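Visitor:
Residue numbers (this note's numbering), protein chains in the order written: chain P, 1 to 292; chain L, 1 to 292.
As structure tokens, then:
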């Protein structure tokens, strides 16, 4: 009664045996509403330009870091949350201002402060400072690559490339959900995420590839259709990996959602788990292909 | 009797109960011998040029990472040692080849592999991957800044600046040891490192400042004497911090030395603990002053 409330079924009120599925459907309106807010915020910031994109990513990074450290505290660790959150917010800002050099400098400084902290406070353990580093870097540094993608090409083309990256993640998630909940039969990774199916994964993969097909049509972007499809496929797989990583972090902490900021989705970290890894891999691939 | 040994005064050989201090002096010839090997190797590599310096730092990073992970395993953690060591070795190499951009790319890739590893192996915990990241970054990434200092100015001037950084750490250690063991009265941080005294710290600080005084005399280096003295003082403090950080890591694992590769000194990590932080702070200061 206290913790694990399921909820009434959304529109179709038929009785169902499986609890997760019922929850999922009962949450659908809320899920769609908060998903729409998230989507609109992202698209608006992307459209308005590099600065708003940077601010958005900084806020998202800070929220993810906050949720990450919260889960770590639940697991019994003592990360230096405030420090980690501040650095997670700073990474996208430095990515915008000074690119890689400043981001590296920030990592150096974070390590220096962690060393100082570790020496000063006798109760802090290596695991605490390591987890603090991991949280800031996994959320802030990784998401900064989205800023680097956005700023890699000036003008609207940069925004369009960033849009492809972002939309591919959204479509990957949505297609996986839609295909999986309708045709899902073969469990993908029952141990980590019992609701995922191979069918859903393939649906998401196709969606991601489809979105990346837009890339060759963006002005100032010189990639072939095959390259775009390969990048879409890689991002599809990597998006799943990001999702599973976050699921495992949650399982480790014994929580169902990373946070509560997005009704129906859970926390911000739940929502952008795929984007974290997809941004970085996209950045890497676009850099290697000479697009950025 | 067990823990907090003081030691015989340098030449005066009166009998004392304390074991660590006795050990320290009985080790002196070994200590000097292996210290000399280390010193000569470092100076030779610095003299021979950027490539040999990079190779040296890569080897030192790998050894430090190895010793770090060994201590973590003793503490009951399960870092992915081989991965961390490989990345610790790669950091200085990428610093040499591509500078900061590649180093950042390497961090991205390390995070990606760690996420994959975490998803694949159910027994791996967040703390394990966090500690793996910390080990590689704290040794490899931090020591890479020494390579960046060396390569920041072309030709012999770059070598000379790197020499100042390195020698200042050695002199800091030696002066602290010499002054501390002769005049040390006031304990500095009894909880972490019982043998350290304020007198020794100030001796080391003076030594570090003295060495940095050489900086304004290096061709193509435009710093004032005051700037050099300030940098020397900062490096003196930071060197102590690096030393204490490593001491705390050792205490956490319950080991006396990080390793055994340097007879009389312990492990490589024991020897370069100060250099790790001093390299990075020197790099930062020299960069800010426009020297690099």
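Glycine included, each C-beta is placed from N, C-alpha and C at the ideal position.
Just so it is clear, the structure is predicted and the values come from calculations on it, not from any experiment.
Roughly how far, in whole angstroms, is the beta-carbon of residue 96(L) from the beta-carbon of residue 147(L), given that I think they are within contact range, below 8 Å?
Guide: Right, their Cβ atoms sit about 5 Å apart.
Visitor: Under 8 Å: do the region 79-93 of chain P and the region 130-148 of chain P share three or more Cβ pairs, one atom per stretch?
Guide: The region 79-93 of chain P is in contact with the region 130-148 of chain P.
Visitor: So who's on the other strand from residue 48(L), going by DSSP bridges?
Guide: Looking at the DSSP assignment, residue 48(L) forms no beta bridge with any residue, so it has no partner.
Visitor: Grab the span of the beta strand (DSSP E) containing residue 196(L) for me, first residue to last.
Guide: Start and end: 193-197.
Visitor: Run down chain P in chain order and give the residues with a C-beta less than 9 Å from the C-beta of residue 175(L).
Guide: Result: empty, since nearest Cβ-Cβ is about 21 Å, beyond 9 Å.
Visitor: Rounded to a whole number of angstroms, what is the C-alpha to C-alpha distance between residue 219(P) and residue 153(P)?
Guide: Between residue 219(P) and residue 153(P), the C-alpha separation is close to 10 Å.
Visitor: Looking at residue 276(P): is its Cβ nearer than 8 Å to the Cβ of residue 71(P)?
Guide: Contact: no.
Visitor: If residue 252(P) sits next to residue 271(L), beta carbons under 8 Å apart, how far is it from one beta carbon to the other, in whole angstroms?
Guide: Incorrect: roughly 36 Å between the Cβ atoms, too far for contact.
Visitor: What is the DSSP secondary structure of residue 262(L), counted as helix, strand or coil?
Guide: In this structure, residue 262(L) counts as strand in the three-state DSSP scheme.
Visitor: Using alpha carbons as the reference points, say which of 29(L), 64(L) and 197(L) lies closest to residue 274(L).
Guide: Out of 29(L), 64(L) and 197(L), 64(L) has the C-alpha closest to the C-alpha of residue 274(L).
Visitor: Contact between the region 149-168 of chain L and the region 184-194 of chain L: three or more CB pairs below 8 Å?
Guide: Counting Cβ pairs under 8 Å, fewer than three are found: no touch.
Visitor: Would the region 187-201 of chain P count as touching the region 255-269 of chain P if we require 3 or more Cβ pairs under 8 Å?
Guide: The answer is no - the region 255-269 of chain P does not touch the region 187-201 of chain P, with fewer than three Cβ pairs under 8 Å.
Visitor: Just verifying my parser: in three-state terms, what is the DSSP assignment at residue 285(P)?
Guide: In this structure, residue 285(P) counts as helix in the three-state DSSP scheme.
Visitor: With a threshold of 8 Å between beta carbons, is residue 125(P) in contact with chain L?
Guide: For residue 125(P), the answer is yes, since a Cβ of chain L falls inside 8 Å of its Cβ.
Visitor: Quick check on residue 37(P): buried or exposed, where buried means 16 or more other Cβ atoms within 10 Å of its Cβ?
Guide: The residue is exposed, with fewer than 16 neighbouring Cβ atoms inside 10 Å.
Visitor: Leaving out five residues before and five after residue 176(P) in sequence, what residues of the same chain have Cβ atoms less than 7 Å from its Cβ?
Guide: So the list reads 200, 201, 203 and 204, once near-sequence residues are dropped.
Visitor: Does the beta-carbon of residue 128(P) have 16 or more other beta-carbons within 10 angstroms, so that it is buried, or is it exposed?
Guide: Residue 128(P) should be labelled buried.
Visitor: Taking only beta carbons into account, state which residues of the region 31-59 of chain P come closer than 7 Å to chain L, listed in chain order.
Guide: Of all residues in the region 31-59 of chain P, none has a Cβ within less than 7 Å of some Cβ in chain L.
Visitor: According to DSSP, is residue 215(L) helix, strand or coil?
Guide: Three-state result, residue 215(L): helix.
Visitor: Can you pull out the residues from the region 183-211 of chain L whose beta carbon lies closer than 9 Å to at least one beta carbon of chain P?
Guide: Those would be 189, 191 and 192, in chain order.
Visitor: In chain order, what residues of the same chain have a beta carbon less than 7 Å from the beta carbon of residue 23(L), not counting five sequence neighbours either side?
Guide: Low confidence applies to residue 23(L): its pLDDT is 49, below 50, so where it sits in the model is not reliable, and the reading given next is rough at best. Counting only Cβ-Cβ distances below 7 Å, and skipping sequence neighbours, we find nothing.
Visitor: When you compare the region 209-217 of chain L with the region 227-244 of chain L, are there three or more beta-carbon pairs, one atom per stretch, that lie closer than 8 Å?
Guide: Because the criterion of three Cβ pairs below 8 Å is met, the region 209-217 of chain L and the region 227-244 of chain L touch.
Visitor: Looking at the C-beta of residue 137(L), does it have a partner C-beta in chain P at a distance below 8 Å?
Guide: Yes, residue 137(L) lies at the interface with chain P (some Cβ there is under 8 Å from its Cβ).
Visitor: Give me the Cβ distance between residue 207(P) and residue 172(P), rounded to the nearest whole Å; I'm assuming they're in contact under 8 Å.
Guide: Right, the Cβ-Cβ distance comes to about 5 Å (below 8 Å), so this counts as a contact.
Visitor: Could you list which residues in chain L have their beta carbon closer than 7 Å to that of residue 118(P), in chain order?
Guide: The answer, in chain order, is 245 and 248.
Visitor: Whole-angstrom Cβ separation of residue 294(P) and residue 133(P), contact assumed at under 8 Å?
Guide: Nothing about residue 294(P) can be reported from this structure: the residues present for chain P run from 1 to 292 only.
Visitor: Give a yes or no on whether the C-beta atoms belonging to residue 60(L) and residue 163(L) are separated by under 8 Å.
Guide: Cβ distance not < 8 Å, so residue 60(L) and residue 163(L) don't count as in contact.
Visitor: Under 7 Å Cβ-Cβ, which residues of chain L neighbour residue 105(P)?
Guide: Result: 284.
Visitor: Give the secondary structure of residue 189(P) by DSSP, where H, G and I count as helix, E and B as strand, and everything else as coil.
Guide: Of the three classes helix, strand and coil, the one that applies to residue 189(P) here is strand, per DSSP.
Visitor: What did DSSP end up calling residue 127(P) once you bin it into helix, strand or coil?
Guide: Three-state result, residue 127(P): helix.
Visitor: Quick check on residue 88(P) - is its C-beta less than 8 Å from some C-beta in chain L?
Guide: By this cut-off, residue 88(P) is not an interface position.
Visitor: Can you name the residues of chain L whose CB is closer than 8 Å to the CB of residue 145(P)?
Guide: Result: 108.
Visitor: Looking at residue 269(L) and residue 112(P), is the spacing between their C-beta atoms short of 8 Å?
Guide: Taking 8 Å as the Cβ cut-off, residue 112(P) and residue 269(L) do not qualify as a contacting pair.
Visitor: Which of helix, strand or coil does DSSP assign to residue 267(L)?
Guide: In the structure shown, residue 267(L) sits in coil (DSSP, three-state: anything other than H, G, I, E or B).
Visitor: Do you know how far the Cα of residue 174(L) is from the Cα of residue 254(L)?
Guide: Approximately 25 Å between the Cα atoms of the pair.
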